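Respectively, the protein sequence lines represent chains A and B. Residues 639 to 1095, numbered by my numbering, are exactly what the first sequence covers, in order. Residues -8 to 253, numbered by my numbering, are exactly what the second sequence covers, in order. By construction, the Cβ of each residue, glycine as well, lies at the ideal position given by its N, Cα and C atoms. Nothing here was measured: the structure is a model prediction, and the numbers come from that model. Working notes, beginning with the structure itself.
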Amino acid sequence: MSDANDTLSPTESELRVRAGAKSRTISVDYLARVEGEGALFVKTRGDVVEDVKLKIFEPPRFFEAFLRGRLASEAPDITARICGICPVAYQMSSSHAIERSLGIAITPTIRALRRLLYCGEWIESHGLHVYMLHAPDFLGYTDVMSLAKAFPDVVRGGLFLKKTGNEILRVLGGREIHPINIRVGGFYKLPTVTELASLREPLLRARDHALATVRWVSGFPFPDVQRDYDFVSLRHPDEYPLNEGMLVSSSGLCIHPSEFEQHFGESHVEHSNALHAFRRSDGAAYLVGPLARYNLCGDKLPTIAQQAARDAKLPVRCLNPFQSIIVRAVELVFACDEALRIISDYRADGPPFVSAAYEACEGAAITCAPRGLLYQRYRLDADGTIAECKIVPPTSQNQRTIEDDLRAVVAANIRLPTAELTARCEQTIRNHDPCISCATHFLRLEIEDDAKRQQDT
Amino acid sequence: MKASPVPKIAVWKFASCDGCQLSLLDCEDELLQLAELVHIANFLEASSRVESGPYDVSLVEGSITTEHDRERILEVRRQSKYLIAIGACATSGGIQALRNGASVEDFIRQVYAHPEYISTLRDSTPMSAHVSVDYELYGCPINKTQLLEVISALLQGRKPRVFSHSVCVDCKLRGTPCLTVTRGLTCLGPVTHAGCEALCPSYGRGCFGCYGPKESSNPSSLVSHLHEHLGVPFVELRRLLSSFTTQAAPFVEARKRFPPGT
């Protein structure tokens, strides 16, 4: 942390005092335990929060630009490189979008295996976030290594859970990070029934660990915060959403994923290399991710996950962002249970992939990344080269909501000492598991406070 | 190379997807033990406890794409006894090096509404273009077993046992029938650095080169062969050599040998 007011010249500071203005600045140059790098700026004047900026100055990598001219078949492998933590999400949204463009209909077997693959990514990603990034905040530890000293068995269970998710990715995708067995239309090779059956025993144990995770995290101390979010998620009539569904919101929207851009826009603000998403109807922020899915689709969770939520006293309508850690744990139960169901039904029938001839076309798709919905749209030339594409990752959609959360949290805790307020702000950001690598990445915290400076000098 | 008894390790991120440093957190069975053997002094993705340098070992992920990062890597080098570049971005500039040679201004305009807010260098470059690098571990992403081997070798003061042969050799070791010979598939296995355990061919897919060129490889010869014997168009072969390690010298050379129009 550094005091940004050092930069104020005495004259400026005198002027502020004369005007009766008192503001506070704290800065954390690099926010820890998030995927990617970023900064935060908070400015208060007296008891008023004047400005909040979640700054993302992760170097831009221009995926949408260099995808132009590449073959559509390369999109799953290239877009995977946007994020090492959720490559499957990029592979799924790009595959579905291109399949929709070309009119490819996948087989029920491929559909089930894609859900299984996604379950693997959810388990790996939620396991990482719950145990390594978020839980240390609630219990006052700096990292999972120190947490493991205090809670060895719990952490071992968490690591096993995460490892099991990675094992699904390895068996079905070839490797955990940037799986190689995924292609437009399906897979290069279907797994054998025996290969998938090998996942059954670890998944049964992982599901028990997931249930234990729900119990463990529901006992954490939660700040009493209720936020009035507009939740946005996919919703499917028969299942908890992963690859398919209508796009719905708590404010009553129900549209086909291909209509996304008509209802949601992106703006480019100076303090972020990630574009800010907003509702076109009124320019307001919205929230995607586990909390949105749970609130909009909780009734589609399997019985075991619904029961775990009830036992943990997680309300059906959960508006406390700090409780997103319980929701992630509930989704861990779902993902383990769903993976077990798919494995027991698996027959390895049909072709590994479905193909179609290239033609000039356009299509879009949304799938559910662990952090929320991931939109991709492709326009292809007749020879299958990508003429144009658009990618809207979950974190850029949540940026403004995270800023709104911070504004609320700082306002409610404005009397807290700087160190505690800073920690609370960082935790507030982690509630939404921002993946700045996806959105681009670089996060930093500054809170301005002239009043504090008066005392210090 | 040999570091102090309990080496102080730092992990740094530059322009990247996070996947290579995630490999360390994906060592679920070894992570806690590793944390006993080394002192993880700066690993921002995993810990909010950050200690200042100097460090015995710095693991560096990502490529250099901004002026700020160009200065930051110099400081990391100054603070580090050993600097290890991990992954395709740190060793070759990564997939984002596809911008090199293109108009960055055009790229920015395609992605961002306000180009004036974006600060970026013309090229994406590997660590070795800016500082001396003590060891390079290839892969997009790296193999976590190899990462643990490099760290172990460092702890034991020996050379890492990381093979430098091609993916092609690993296929023979695994007993995977050659996809080019038996199925006529395009495969970069003969020129690609080993490390993935010849994964793609075992899934019936030709190697697409995510570990980059092996030392003393001859991609031009492979390009001629695939074109003459399998009829693969040059445009497709050029594209294959322009992906995760697009700026690796042997791949750049091969593309020059067969420019558009050949």
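Which residue marks the beginning of the alpha helix (DSSP H) containing A/F701, and which one marks its end?
For the purposes of this step, residue 701 of chain A is taken as residue 63 along the first sequence, with counting starting at 1. Element bounds for A/F701: F701 to F704.
Residue-level contact to chain B via CB, A/A670, 7 Å cutoff:
Along the first sequence, one-based indexing puts residue 670 of chain A at 32. Closer than 7 Å to some Cβ of chain B, the Cβ of A/A670 qualifies, so yes.
Mind checking if B/F249 is an interface residue toward chain A, Cβ cutoff 7 Å exclusive?
For this step, residue 249 of chain B is matched to residue 258 along the second sequence. Not closer than 7 Å to any Cβ of chain A, the Cβ of B/F249 fails to qualify, so no.
Does B/P181 come within less than 7 Å of chain A when only Cβ atoms are used?
In the second sequence, residue 181 of chain B corresponds to position 190, counting from 1. Cβ-Cβ to chain A under 7 Å: no for B/P181.
Return yes when the Cβ of A/I744 is within less than 7 Å of the Cβ of A/V992, no when it is not.
In the first sequence, residue 992 of chain A corresponds to position 354, counting from 1. In the first sequence, residue 744 of chain A corresponds to position 106, counting from 1. Against a cut-off of 7 Å, the Cβ pair of A/I744 and A/V992 comes out as a contact.
Can you pull out the residues from the stretch 803 to 831 of chain A whose beta carbon lies closer than 7 Å to at least one beta carbon of chain B?
N804, G812, R813, E814, I815, H816, I818, N819, Y826 and K827
Just to make sure I have the definition right: I need the residues of chain A whose C-beta is within less than 8 Å of the C-beta of B/D60. Which are they?
In the second sequence, counting from the first residue as 1, residue 60 of chain B sits at position 69. Under the 8 Å cutoff, chain A gives P697.
Between B/R149 and chain A, is the shortest Cβ-Cβ distance under 7 Å, so that the two count as touching?
Here the question's residue 149 of chain B lines up with position 158 in the second sequence. No, its Cβ sits nowhere closer than 7 Å to a Cβ of chain A.
Give, in chain order, every residue of the stretch 711 to 722 of chain A whose Cβ lies closer than 9 Å to some Cβ of chain B.
E712, D715, I716, A718, R719, I720, C721 and G722
Use the C-beta contact count for A/G795: other C-beta atoms within 10 angstroms, 16 or more gives buried, fewer gives exposed.
As a first step, residue 795 of chain A is located in the first sequence; it is residue number 157 there, counting from the start. It is buried - the Cβ of A/G795 has at least 16 other Cβ atoms within 10 Å.
Classify A/F825 as buried or exposed, calling it buried when 16 or more other Cβ atoms lie within 10 Å of its own Cβ.
Translated into the one-based positions of the first sequence, residue 825 of chain A becomes position 187. Looking at its Cβ environment, which holds 16 or more other Cβ atoms inside 10 Å, A/F825 is buried.
What is the rounded straight-line gap between the Cα of B/H30 and the Cα of A/K800?
For the purposes of this step, residue 30 of chain B is identified with residue 39 of the second sequence, where counting begins at 1. For the purposes of this step, residue 800 of chain A is identified with residue 162 of the first sequence, where counting begins at 1. Straight-line Cα distance between these residues: approximately 23 Å.
Run through DSSP, which three-state label would B/I133 get?
Taking the second sequence and counting its residues from 1, one reaches residue 133 of chain B at position 142. DSSP places B/I133 in coil when its eight states are reduced to three.
Enumerate, from N- to C-terminal direction, the unbroken alpha helix (DSSP H) stretches of 4 or more residues contained entirely within the stretch 926 to 959 of chain A.
928 to 935 and 941 to 949
Shortest alpha-carbon distance to A/E976 belongs to which of A/R752, A/D1043 and A/S763?
Counting from 1 along the first sequence, the entry for residue 976 of chain A is found at position 338. Looking at the Cα atoms, A/R752 is the closest of the given residues.
Scan the stretch 73 to 88 of chain B for residues whose Cβ lies nearer than 7 Å to a Cβ of chain A and list them as they occur along the chain.
I86 and Q87
Short of 8 Å Cβ to Cβ, which residues in the stretch 1045 to 1069 of chain A face chain B?
E1064
Reducing DSSP to helix, strand and coil, say where A/R671 ends up.
Position 33 of the first sequence, counting from 1, holds the residue named residue 671 of chain A. The answer is coil: DSSP assigns A/R671 none of H, G, I, E or B.
Separation of A/S887 from A/I1085, as counted between CA atoms:
Here residue 1085 of chain A refers to the residue found at position 447 when the first sequence is read from its first residue. Here residue 887 of chain A refers to the residue found at position 249 when the first sequence is read from its first residue. Confidence is the limiting factor: at A/I1085 the pLDDT is only 42, short of 50, which leaves the residue's position unreliable and the question unanswerable from this model.
Cutoff 7 Å; reference A/E1026; Cβ partners in own chain excluding five residues on either side
Taking the first sequence and counting its residues from 1, the one referred to as residue 1026 of chain A is at position 388. Closer than 7 Å at Cβ, skipping near neighbours: R706 and R1017.
Cα-Cα separation, A/I963 to A/A1020:
Along the first sequence, one-based indexing puts residue 963 of chain A at 325. Along the first sequence, one-based indexing puts residue 1020 of chain A at 382. If I take the Cα positions, the gap works out to 46 Å.
Using the beta-carbon count (16 or more within 10 Å), is A/A946 buried or exposed?
Numbered from 1 along the first sequence, position 308 holds the residue referred to as residue 946 of chain A. By the neighbour-count rule (16 or more Cβ atoms within 10 Å), A/A946 is buried.
On the CB-based measure, 16 or more other CB atoms within 10 Å of its CB, does A/Q864 come out buried or exposed?
If you number the first sequence from 1, residue 864 of chain A lands on position 226. So A/Q864 counts as exposed.
Beta strand (DSSP E) runs contained entirely in the stretch 997 to 1042 of chain A, provided each spans 3 or more residues:
999 to 1007, 1010 to 1018 and 1024 to 1030
In chain order, what residues of the same chain have a beta carbon less than 6 Å from the beta carbon of B/T253, not counting five sequence neighbours either side?
In the second sequence, counting from the first residue as 1, residue 253 of chain B sits at position 262. Excluding positions up to five away in sequence, the list reads F225.
Quick check on A/E839: buried or exposed, where buried means 16 or more other Cβ atoms within 10 Å of its Cβ?
Taking the first sequence and counting its residues from 1, the one referred to as residue 839 of chain A is at position 201. Looking at its Cβ environment, which holds fewer than 16 other Cβ atoms inside 10 Å, A/E839 is exposed.
With a threshold of 16 other CB atoms inside 10 Å of the CB of B/E219, please say whether the residue is buried or exposed.
Taking the second sequence and counting its residues from 1, one reaches residue 219 of chain B at position 228. Under this definition B/E219 is an exposed residue.
State the start and end residues of the unbroken beta strand (DSSP E) segment that holds A/F679.
As a working mapping, residue 679 of chain A is identified with position 41 in the first sequence. Where A/F679 is concerned, the enclosing beta strand (DSSP E) stretches over A677 to R683.
Counting only beta-carbon atoms, is B/A26 nearer than 7 Å to chain A?
Against the second sequence, residue 26 of chain B aligns to sequence position 35. Chain A contact via Cβ: present.
Just the Cα atoms here: how many angstroms apart are A/Q1014 and A/S732?
Position 376 of the first sequence holds residue 1014 of chain A. Position 94 of the first sequence holds residue 732 of chain A. The alpha-carbon atoms of A/Q1014 and A/S732 are separated by roughly 6 Å.
Given this structure, state the Cα-to-Cα distance separating B/Q70 from B/P210, to the nearest angstrom.
Position 79 of the second sequence holds residue 70 of chain B. Position 219 of the second sequence holds residue 210 of chain B. Each residue's Cα considered, the two are about 38 Å apart.
Could you confirm whether any beta carbon from chain B is found closer than 7 Å to the beta carbon of A/E673?
On the first sequence, position 35 is the one that residue 673 of chain A refers to. Yes, A/E673 counts as interfacial toward chain B.
Near B/Y126, which residues of its chain fall below 6 Å by C-beta distance, leaving aside the five closest residues on each side in sequence?
On the second sequence, residue 126 of chain B is found 135 positions in, with the first residue counted as 1. Hits under 6 Å: I75.
Looking at the secondary structure, which residues open and close the beta strand (DSSP E) in which A/E877 lies?
The residue labelled residue 877 of chain A in the question sits at position 239 within the first sequence. Element bounds for A/E877: n/a, residue is neither H nor E.
Flag this pair as yes or no: are the beta carbons of A/A844 and A/T802 separated by less than 7 Å?
As a first step, residue 844 of chain A must be located in the first sequence, where it is residue number 206. As a first step, residue 802 of chain A must be located in the first sequence, where it is residue number 164. In contact: A/A844 and A/T802 (Cβ atoms closer than 7 Å).
Coarse secondary structure for A/F972, derived from DSSP in three states:
Position 334 of the first sequence, counting from 1, holds the residue named residue 972 of chain A. Here A/F972 sits in helix by DSSP.
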